[in-house]
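Undergrad:
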């Protein structure tokens, strides 16, 4: 059953990376826009402009994610922390 359903709801890693690549490299992709798959239930397909998920705008979640990233990598960017504290306090 999974062999039938999985290809319908997923795509290769290469194709799944296209929205990120487009957002990072396409000169027509405006700063602050979000890109996602165009296909069925927005699970697969070529990149199109998409609505930014509510969770992606949550500053508390962003802060926790940043802290976890620092913890897991052992890398701390002091200048970024100062910027994020300024942004969060506004």
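In this note's numbering, the protein residues as written are 4 to 93. We put the CB at the ideal spot given by N, CA and C, even for glycine.
1. From the DSSP secondary-structure annotation, give me the bridge partner or partners of residue 16.
2. With DSSP as the reference, please indicate the residues paired to residue 53 in a beta bridge.
3. Would the stretch 66-77 count as touching the stretch 34-50 if we require 3 or more Cβ pairs under 8 Å?
4. Which whole-angstrom value is the C-beta distance of residue 25 and residue 32, which I expect to be below 8 Å?
5. Please report the distance separating the alpha-carbon of residue 81 from that of residue 43.
6. Given a threshold of 16 other Cβ atoms within 10 Å of its Cβ, counted over all protein chains shown, does residue 40 qualify as buried or as exposed?
7. Using DSSP with H/G/I as helix, E/B as strand and the rest coil, what is residue 32?
TA: Looking at the atomic coordinates:
1. Walking along the chain shown from the start, residue 16 turns up at place 13. In the DSSP output, where bridge partners are listed per residue, residue 16 has none listed.
2. Residue 53 sits at position 50 when you count from the first residue of the chain shown. Paired residues: 37.
3. no
4. Indexing the chain shown from 1 puts residue 25 at position 22. Indexing the chain shown from 1 puts residue 32 at position 29. So it is a contact: roughly 6 Å between Cβ atoms.
5. Within the chain shown, the letter at position 78 stands for residue 81. Within the chain shown, the letter at position 40 stands for residue 43. Spanning the two alpha carbons is a distance of roughly 42 Å.
6. As a working note, residue 40 is residue 37 in the chain shown. The residue in question, residue 40, is buried, as its Cβ has 16 or more Cβ neighbours within 10 Å.
7. Position 29 of the chain shown, counting from 1, holds the residue named residue 32. Coil at residue 32, not helix or strand.
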